[in-house]
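J.: This is the structure I want to talk about, given as structure tokens.
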Amino acid sequence: MIDQLFEFVQNHPLLVGAFLLVLTAWIAYEVRNSAASGVTSSQATQLINREDAVVLDIREAGDFKAGHIAGARNIPQSKLEGRLNELDKFKDKPIIVACKHGQSSGIALAKLAKGGFERAVKLKGGMAQWQADGLPVVKK
Numbered sequence: 001m002i003d004q005l006f007e008f009v010q011n012h013p014l015l016v017g018a019f020l021l022v023l024t025a026w027i028a029y030e031v032r033n034s035a036a037s038g039v040t041s042s043q044a045t046q047l048i049n050r051e052d053a054v055v056l057d058i059r060e061a062g063d064f065k066a067g068h069i070a071g072a073r074n075i076p077q078s079k080l081e082g083r084l085n086e087l088d089k090f091k092d093k094p095i096i097v098a099c100k101h102g103q104s105s106g107i108a109l110a111k112l113a114k115g116g117f118e119r120a121v122k123l124k125g126g127m128a129q130w131q132a133d134g135l136p137v138v139k140k
């Protein structure tokens, strides 16, 4: 099997080169995006404690009531553009955007950036990671 791999590489150097180039670009993109805008649960806790960061939970109301970070504000992602004015008084503070798994908060970050919120970051892994890390949640 290894012999066949080497034979394929020798017979198709352009194809293998293109694959390696795309793979390298994809890895670089993922590393850059994960480091640029996300914070871990421990980093989020430090932002909340040291800089009085605001937690914006963009999940639907039912998920929010089932468990959320203490002091979090709930504005569902579908209603965020219309309710951005509720966050105007927090433009000078860091805003931590929390969603269910950390995948849909990028859209909310773009809306916040467009609204002038320069210190908005996402919670890596979302509420699922927060709870997996054993951090407290409030239920109401």
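The end of the sequence shown is residue 140 by the UniProt record's numbering, with every number in the run present.
Virtual Cβ for every residue (Gly too), placed ideally from N, Cα, C.
List the DSSP bridge partners of D92.
T.: None, per the DSSP bridge assignment.
J.: Give me the residue from E86, G134, K124, A98 with the minimum Cα distance to G115.
T.: Considering only alpha carbons, the answer is E86.
J.: Taking just the CA atoms, how far does I27 sit from K93?
T.: Approximately 32 Å, taken between the alpha carbons.
J.: Given this structure, state the Cα-to-Cα distance separating V55 from V16, to the nearest angstrom.
T.: Answer to the nearest angstrom: the Cα atoms are 45 Å apart.
J.: If distances are taken between C-alpha atoms only, which option among A128, G125, G126, L109 comes closest to R119?
T.: Out of A128, G125, G126, L109, L109 has the C-alpha closest to the C-alpha of R119.
J.: Quick one: measure Cβ to Cβ for A66 and N74, integer angstroms, because I've assumed they're closer than 8 Å.
T.: A66 to N74, Cβ: 11 Å. No contact.
J.: What residue range is occupied by the uninterrupted alpha helix (DSSP H) comprising L87?
T.: Premise fails: L87 is in no alpha helix (DSSP H) and is neither H nor E.
J.: Using CA coordinates, which residue listed in H68, A98, K122 is at the minimum distance from V137?
T.: Of H68, A98, K122, the residue nearest in Cα terms is H68.
J.: Starting from K139 and walking both ways along the beta strand (DSSP E), at which residues does that stretch end?
T.: Taken as a continuous stretch (DSSP letters only), K139 belongs to no beta strand (DSSP E), as it is neither H nor E.
J.: Tell whether a beta-carbon distance below 8 Å holds between G102 and L135.
T.: No. Outside cutoff.
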